[in-house]
Amino acid sequence: MQVKRLGHVAIKVENIERAAAFYQDLGLELAWKDADWAYLKAGQDGLALLGPGYAQAGPHFGFVFDNRAEVDKAFERLSQTEVKLTPVHDHRDGTASFYGRDPDGNWFEYLYEPTPAGDGV
Numbered sequence: 141m142q143v144k145r146l147g148h149v150a151i152k153v154e155n156i157e158r159a160a161a162f163y164q165d166l167g168l169e170l171a172w173k174d175a176d177w178a179y180l181k182a183g184q185d186g187l188a189l190l191g192p193g194y195a196q197a198g199p200h201f202g203f204v205f206d207n208r209a210e211v212d213k214a215f216e217r218l219s220q221t222e223v224k225l226t227p228v229h230d231h232r233d234g235t236a237s238f239y240g241r242d243p244d245g246n247w248f249e250y251l252y253e254p255t256p257a258g259d260g261v
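Below you can see the structure in the form of structure tokens.
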């Protein structure tokens, strides 16, 4: 199991539109926006904005993997431990992930992020 990188941090916001505009003004690029969350990028790093109605997870940090099988393998391994996990979920943007909590209650996400076509060729 090899983590590629720490890919994003997710924070709670009261207003998606206002927060997305604020972080765009700071120089981040809006990659995705929906009614309950938005995702902004700074190079390969991301900032997820979670609106009040976002129910998938709370504030968290995400570890990125190149390979979906690695995420599934990590889920199976961690399922055999005391780590609290959510099921693996396929997201609407083509990614897949699961969430867990560390011993202090902090959320983390193991995320498969497909390589965009043309990258690394």
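The sequence shown begins at 141 in our numbering and counts up by one.
No residue lacks a Cβ here, since even glycine has one placed at the ideal position from N, Cα and C.
Note that the coordinates shown come from a computational prediction; the quantities given were computed from them, not determined experimentally.
Between residue i and residue j, how many whole angstroms is the CB-CB distance? I'm expecting something under 8 Å.
i	j	result
V149	G191	The pair is not a contact, with the Cβ atoms about 16 Å apart (cut-off 8 Å).
F215	F248	Their Cβ separation, rounded to whole angstroms, is 12 Å, which puts F215 and F248 out of contact at 8 Å.
Is the Cβ-Cβ distance between residue i and residue j less than 8 Å?
i	j	result
A197	Y239	yes
Y252	T235	yes
L168	K181	yes
Y194	D206	no
P199	I156	no
D242	V228	no
L170	A159	no
Using the DSSP secondary-structure output, state which residues sit across from residue i in a beta bridge.
i	result
L190	K152, W177
E253	In the DSSP output, where bridge partners are listed per residue, E253 has none listed.
H200	A150, W247
G240	L225, F248
E169	K181
R145	V204
D212	DSSP output for D212 lists no bridge partner at all.
D230	A236
Within a Cβ cutoff of 7 Å, which residues of the same chain sit near residue i, ignoring the five residues on either side of it in sequence?
i	result
D233	W172
A246	First, the amino acid is wrong: residue 246 is Asn here, not Ala. Here the set comprises nothing.
Y163	L180, L187
L218	L225, G240
Enumerate in chain order the residues of its own chain whose CB-to-CB distance from residue i is below 6 Å, with the five nearest sequence positions on each side excluded.
i	result
V204	K144, R145, G147, L251, E253
T226	F238, Y239
Leaving out five residues before and five after residue i in sequence, what residues of the same chain have Cβ atoms less than 8 Å from its Cβ?
i	result
D230	A236
Q142	F205, E210
_Check whether the segment 214 to 231 and the segment 170 to 185 are in contact - that is, three or more C-beta pairs closer than 8 Å._
No, the segment 214 to 231 does not touch the segment 170 to 185.
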